[in-house]
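Chemist:
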Amino acid sequence: MKDVKGKVAFITGGASGMGLGMARSFAAAGMKVMIGDIEVEPAEKAVDELKSKGLDVACVQVDVTSMESMQAAADKTIETFGKVNVLSNNAGIAVGGKSENCSMRNWNWVVDVNLWGVVHGLQAFVPLILSQDESGHVISTASMAGMVGLRGAGPYNATKFAVAGMMETFAADHRKRNIGASVLCPGIVATNIGHSARNRGEEYGGAVEPNAKDRTADMLAQGLHPDIVGDLVLEAVQEDQFYIFTDPSLKHLIETRCERISAAYDWAASCKSLAGAKQAGGLPG
Ligand SMILES: NC(=O)c1ccc[n+]([C@@H]2O[C@H](COP(=O)([O-])OP(=O)(O)OC[C@H]3O[C@@H](n4cnc5c(N)ncnc54)[C@H](O)[C@@H]3O)[C@@H](O)[C@H]2O)c1
Numbered sequence: 001m002k003d004v005k006g007k008v009a010f011i012t013g014g015a016s017g018m019g020l021g022m023a024r025s026f027a028a029a030g031m032k033v034m035i036g037d038i039e040v041e042p043a044e045k046a047v048d049e050l051k052s053k054g055l056d057v058a059c060v061q062v063d064v065t066s067m068e069s070m071q072a073a074a075d076k077t078i079e080t081f082g083k084v085n086v087l088s089n090n091a092g093i094a095v096g097g098k099s100e101n102c103s104m105r106n107w108n109w110v111v112d113v114n115l116w117g118v119v120h121g122l123q124a125f126v127p128l129i130l131s132q133d134e135s136g137h138v139i140s141t142a143s144m145a146g147m148v149g150l151r152g153a154g155p156y157n158a159t160k161f162a163v164a165g166m167m168e169t170f171a172a173d174h175r176k177r178n179i180g181a182s183v184l185c186p187g188i189v190a191t192n193i194g195h196s197a198r199n200r201g202e203e204y205g206g207a208v209e210p211n212a213k214d215r216t217a218d219m220l221a222q223g224l225h226p227d228i229v230g231d232l233v234l235e236a237v238q239e240d241q242f243y244i245f246t247d248p249s250l251k252h253l254i255e256t257r258c259e260r261i262s263a264a265y266d267w268a269a270s271c272k273s274l275a276g277a278k279q280a281g282g283l284p285g
């Protein structure tokens, strides 16, 4: 989407971190932006900040775990701006722990926000984007944890791999249509994700106040500024770039994974069990 001026973007998790960075960059480029977030106060603060610069923004409370809430946010976007061109499925939370001992309530929380949240975004917004005679673009925020397995992050990894896979398929499904696709795979970015549990609902174990001694938050503070990610995502939308990586120094992690997979193919090709076996020789799709 070369010309973003006058286009309308809806961003989940737009009140903080990278979502806010995207809201700032998109609005400064002349887009109308609807910030969707579960946190009302920071969302309103973001709107005040951007409006004071003469930018066209609004906000709506949305809980991405709920299809109903996402549908209401889509309705509000159309009511406010008359159309929607760009969807950023960005809201997400971090849960640490191994798959086998992460509590089931945290498992449900991370899947509901990070995976179902993206599904709800696609279901509520893509039909609207496709129904218009204008170009569109969908960005979903995965992570480097959607590209490589990270120790002690099984549940988070599972959701982010799912998002990356879903977006690869989305891009293939819509290759011939006027809708671009991107998957954002950040490295470490200085956001509030270390304090994700501030938004954990009762059904998932309840909210936890940010802890000043939190080491994850300290590490995140060393990361890339989220406003730079906002600019990067805008550039990717304008240039129709699918994979968006924020830290080029992490490329070796992907290369190592590809090498291991490639070696596993060589192993399979030399295996006794597969020797001479009949194969389909392709995949559906
Ligand atoms: N910060 C990093 O280092 C990093 C790295 C890789 C991927 N990510 C991903 O980036 C995305 C953005 O996170 P961030 O780092 O900017 O964190 P952040 O906490 O600063 O922002 C996340 C936003 O999502 C909102 N949110 C949380 N639960 C929600 C819900 N149920 N419904 C609607 N909004 C909800 C929060 O209120 C917050 O405004 C997430 O998907 C995260 O997994 C972050």
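Numbering-wise, the sequence shown is residues 1 to 285 according to this note's numbering. For glycine and all other residues, C-beta sits at the position ideal for the given N, C-alpha and C.
1. With respect to 7 Å, is the separation between the Cβ of Ala264 and the closest non-hydrogen atom of ligand 1 below this value?
2. For Ser99, verify whether its CB is less than 7 Å away from any heavy atom of ligand 1.
3. In three-state DSSP terms, what is Asn89?
4. What residue range is occupied by the uninterrupted beta strand (DSSP E) comprising Gln61?
5. Assign Ala9 to one of three DSSP states: helix, strand, or coil.
6. How is Ile193 classed by DSSP in three states: helix, strand or coil?
7. Compute every distance between the C-beta of Met67 and the non-hydrogen atoms of ligand 1, then say whether any falls below 7 Å.
8. When you compare the CB positions of Ser182 and Ile228, do they come within less than 8 Å of one another, or not?
9. Would the C-beta of Ala94 count as close to ligand 1, meaning under 7 Å from any of its heavy atoms?
10. Classify Ser102: buried if its beta carbon has 16 or more other beta carbons within 10 angstroms, exposed otherwise.
11. In whole angstroms, what separates the C-alpha of His252 from that of Gly187?
12. Would you report the Cα separation of Ala269 and Ala275, rounded to the nearest angstrom?
13. DSSP state of Gly342, grouped into three classes?
14. Less than 7 Å separating the Cβ of Glu209 from some heavy atom of ligand 1?
15. DSSP three-state label for Asp231, please.
16. Consider the C-beta atom of Thr77 and the heavy atoms of ligand 1; say whether any pair is separated by less than 7 Å.
17. Just to confirm, is the Cβ distance from Val47 to Ala58 under 8 Å?
18. Helix, strand or coil: how does DSSP classify Ala73 here?
19. With respect to 7 Å, is the separation between the Cβ of Glu41 and the closest non-hydrogen atom of ligand 3 below this value?
20. Between the region 2 to 17 and the region 31 to 39, do at least 3 Cβ pairs fall closer than 8 Å?
21. Measuring CB to CB, does Gly223 end up less than 8 Å from Gly152?
22. If you run the structure through DSSP and keep just helix, strand and coil, what is Cys185?
23. Starting from Phe26, trace the alpha helix (DSSP H) both ways and give me its first and last residue.
24. Alpha carbon to alpha carbon, what distance is there between Ala23 and Phe81?
25. Looking at ligand 1, does it come within less than 7 Å of Asn106, judged from the CB to the closest heavy atom?
26. May I ask whether a heavy atom of ligand 1 can be found less than 7 Å away from the beta carbon of Asp214?
27. Counting Cβ pairs, one atom from each stretch, are 3 or more of them under 8 Å apart for the region 107 to 118 and the region 62 to 73?
28. Exposed or buried, what is Ala91 when buried is set at 16 or more other beta-carbons lying within 10 Å of its beta-carbon?
Modeler: According to the structure data:
1. No, Cβ of Ala264 sits at least 7 Å from all heavy atoms of ligand 1.
2. Because no heavy atom of ligand 1 lies under 7 Å away, the Cβ of Ser99 does not count as near it: no.
3. Note: Asn89 maps to strand in three-state DSSP.
4. Per DSSP, the continuous beta strand (DSSP E) segment holding Gln61 begins and ends at 57 to 61.
5. In the structure shown, Ala9 falls within a strand segment according to DSSP collapsed to helix, strand and coil.
6. Residue state for Ile193 is assigned as helix, using DSSP reduced to three classes.
7. For Met67, the shortest separation between its Cβ and any heavy atom of ligand 1 does not lie below 7 Å.
8. For Ser182 and Ile228, no; Cβs fall outside 8 Å.
9. Flag set: Cβ of Ala94 near ligand 1.
10. The sequence shown places Cys at residue 102, not Ser. With 16 or more other Cβ atoms within 10 Å, it is buried.
11. So the two alpha carbons sit approximately 13 Å from each other.
12. Whole-angstrom Cα-Cα distance: 8 Å.
13. No answer is possible for residue 342: it lies beyond the span of the chain, which begins at 1 and ends at 285.
14. Checking the Cβ of Glu209 against ligand 1 gives no.
15. Correct three-state label for Asp231: helix.
16. Thr77 Cβ: outside cutoff for every heavy atom of ligand 1.
17. For Val47 and Ala58, yes; Cβs fall inside 8 Å.
18. Ala73 falls in the helix class under three-state DSSP.
19. Absence of ligand 3 is noted for the structure shown, with ligand 1 being the only ligands found.
20. Contact between the region 2 to 17 and the region 31 to 39 is present, because at least three Cβ pairs lie under 8 Å.
21. The answer is no: Cβ separation not under 8 Å.
22. Strand at Cys185.
23. Following the DSSP letters along the chain, one finds Phe26 inside the alpha helix (DSSP H) bounded by residues 17 to 28.
24. The straight-line gap separating the alpha-carbon atoms of Phe81 and Ala23 is approximately 15 Å.
25. With a cutoff of 7 Å, Asn106 does not count as near ligand 1, since its C-beta is closer than that to no heavy atom of the ligand.
26. No, the Cβ of Asp214 stays beyond 7 Å of every heavy atom of ligand 1.
27. Three or more pairs of CB atoms, one per stretch, sit closer than 8 Å, so the region 107 to 118 contacts the region 62 to 73.
28. With a threshold of 16 other beta carbon atoms within 10 Å, Ala91 meets it and is buried.
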